[in-house]
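These notes concern the structure reproduced below.
Residue numbers (my numbering): 351 to 547.
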């Protein structure tokens, strides 16, 4: 079986090398033709993109993807866990959880709509397989607001229904990498033990 896989990989590699060689030869021919024709090129009005009547939206770039508290936590989280996990940030809940199968289309859509605009602060994935291991939510003072409490309760219930570990950590000014590592690994161990019971 290993020889079959090895043979397939060699065949794929040879095909890629052949394709790249042919592509590079074509590029060389094309570049030579372009150099010859470049002096004839001019931008004509007909070469412009057609104007389409669309609503006008204006946007601006967020300077940072993480809040200052999230940045501080991420640095320490990375120090403690980057050797064991891939740590992703701001991952959409709908990219981690999905409505269960066997429900009506309306139920599926309603369930999906509840998670499509929410995100996890951080996600831990296996370094080898990219398997999703757990989500981490950093809870700060905003989590005391009524709408955030409702969101947090929903997220807790959604993760529980999917048997997916959601680790909540209270935001602080200063963290220790070892303390965060112990808390996260301890939470994962406790979660696995509770599911095994």
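Ideal placement from N, C-alpha and C gives every residue a C-beta, glycine not left out.
Task: Residues of its chain near residue 485, where Cβ-Cβ distance is below 6 Å and the 5 sequence neighbours each way are ignored - done: Correct list, in chain order: 470, 473 and 516.
TODO: Specify the secondary structure class of residue 522 as computed by DSSP and reduced to three states.
DONE: Reduced to three states, the DSSP call for residue 522 is coil.
TODO: Could you say which of 538, 440 and 466 lies nearest to residue 514 if we only look at CA atoms?
DONE: Of the candidates 538, 440 and 466, the one whose C-alpha sits nearest the C-alpha of residue 514 is 538.
Open item on the list: Pop quiz: residue 443 and residue 465 are said to be a contact at Cβ under 8 Å. What is the actual Cβ separation, rounded to whole angstroms?
Closed with: Contact between residue 443 and residue 465 is confirmed by a C-beta separation of about 4 Å, below the 8 Å threshold.
Task: Local conformation of residue 517 per DSSP, three classes - done: Residue 517 falls in the strand class under three-state DSSP.
- [ ] Starting from the Cα of residue 422, find the closest Cα among 523, 540, 533 and 369 and give me that residue.
- [x] Here the closest residue by C-alpha is 523.
Open item on the list: Tell me which residues share the same chain as residue 482 and place their Cβ nearer than 7 Å to its Cβ, disregarding the 5 neighbours each side in the sequence.
Closed with: If you ignore the 5 residues before and after residue 482, its C-beta comes within less than 7 Å of the C-beta of 446, 473 and 475, all in its own chain and listed in chain order.
TODO: Assess, as a yes-or-no matter, whether the stretch 528-547 is touched by the stretch 494-504 under the definition of 3 or more beta carbon pairs within less than 8 Å.
DONE: No, the stretch 494-504 is not in contact with the stretch 528-547.
Task: For residue 512, three-class secondary structure by DSSP - done: Residue state, collapsed to three classes: coil.
Task: Beta-carbon spacing of residue 437, residue 428 below 7 Å - done: Note that the C-beta distance between residue 437 and residue 428 is below 7 Å.
Open item on the list: Excluding the 5 residues flanking residue 510 on each side, which residues of the same chain have their C-beta closer than 7 Å to its C-beta?
Closed with: Nothing listed; no residue qualifies.
Task: Reduced DSSP secondary structure (H/G/I, E/B, other) of residue 476 - done: Note: residue 476 maps to strand in three-state DSSP.
Open item on the list: Does chain D have any CB closer than 7 Å to the CB of residue 539?
Closed with: Here chain D cannot be found, since the structure has a single protein chain.
- [ ] Return the first residue and the last residue of the beta strand (DSSP E) that residue 442 is part of.
- [x] For residue 442, the uninterrupted beta strand (DSSP E) segment begins and ends at 435-442.
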